[in-house]
Amino acid sequence: MIDVGQLAGDAVERFRAPAEQRRQRLSLEAGRAGQNLVLAPPDWIDRLLGVLIDNACHYTPQGGAIRVAVETGDGQVTLQVDDSGPGIPPDQRERVFERFHRLDNDGRGSGLGLSIAGVVVQATRGRWRLGESAEKGASMAVSWPAVRGPRETMATGTEPAPHSAPHV
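Each residue of the sequence shown is one higher than the last, beginning at 0 in numbering that gives the first Met the number 0.
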């Protein structure tokens with residue numbers, strides 16, 4: 000059982016310096032510790048956060064904004080990364096999870112980041128929601144079933160996802 004909010008805070012701190020170099024505003028909204036619990040290997044969720052925040056930093060222009068939010072409600076924990084970049088055209092939203100698919104040809108990256116993220120989300124029983132942010136950029140959200148604590152895990156008999164790396 001992991002706290003997605005805590006992992007998001009750690010990831011935001013790792014990306015703070017690169018974002019500041021590009022004059023990007025990187026913010027975190029995560030509620031209080033212990034509130035955003037899911038059953039998933041922490042290294043997988045950390046990898047997912049890295050891909051999402053790195054993509055947001057890459058596509059957000061200088062002076063733009065990146066918002067990382069984690070909230071719990073309706074039995075779900077939702078991680079959302081919004082940016083003020085160009086967004087993802089609706090006809091490309093399903094294709095971004097394909098291996099080697101890229102929206103631009105700037106020479107940066109291999110087109111594997113979101114493919115790996117997609118495998119992580121599937122392996123951890125998450126659900127994607129892609130859309131447009133309030134600032135007309137990309138909005139990428141992942142939701143997982145929320146876990147209240149160790150007692151709930153024992154009562155339901157639900158086991159965490161296996162800890163071997165997902166196959167990409």
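Every residue, glycine too, gets a C-beta built ideally from N, C-alpha and C.
| query | result |
| --- | --- |
| Using a threshold of 7 Å, is the CB atom of V50 nearer than that to any non-hydrogen atom of the ligand SAM? | No copy of the ligand SAM occurs in the structure displayed, which carries no ligand at all. |
| According to DSSP, simplified to helix, strand and coil, what is R10? | Just to set this straight, residue 10 is Ala in the shown sequence, not Arg. Residue state, collapsed to three classes: helix. |
| Per the DSSP calculation, R22 is bridged to which residue(s)? | Note: R22 sits in no beta bridge, so no partner. |
| Between which two residues does the alpha helix (DSSP H) carrying V50 extend? | P41 to Y58 |
| With 16 as the cutoff for other CB atoms within 10 Å, does F99 come out buried or exposed? | Interpretation of F99 is limited by its pLDDT of 49, a score under 50 that renders its predicted location unreliable; the figure taken from the coordinates is listed afterwards. F99 comes out exposed. |
| Just confirm the distance between the C-beta atoms of L25 and F14, as a whole number of angstroms; I'd bet it's less than 8 Å. | 6 Å |
| Assuming M139 is part of the beta strand (DSSP E), what are its boundary residues? | A137 to P144 |
| For G62, which beta-bridge partners are listed by DSSP? | The partner list for G62 (beta bridge, DSSP) is empty, contrary to what the question assumes. |
| By alpha-carbon positions, which one of V3, P40 and D9 ends up nearest to V119? | P40 |
| When you compare only the Cα positions, how much space is there between E134 and V11? | 20 Å |
| Closest by CA to V80, which one among P144, M0, E93 and L27? | L27 |
| I need the boundaries of the beta strand (DSSP E) containing D82, first residue and last residue. | Q75 to D82 |
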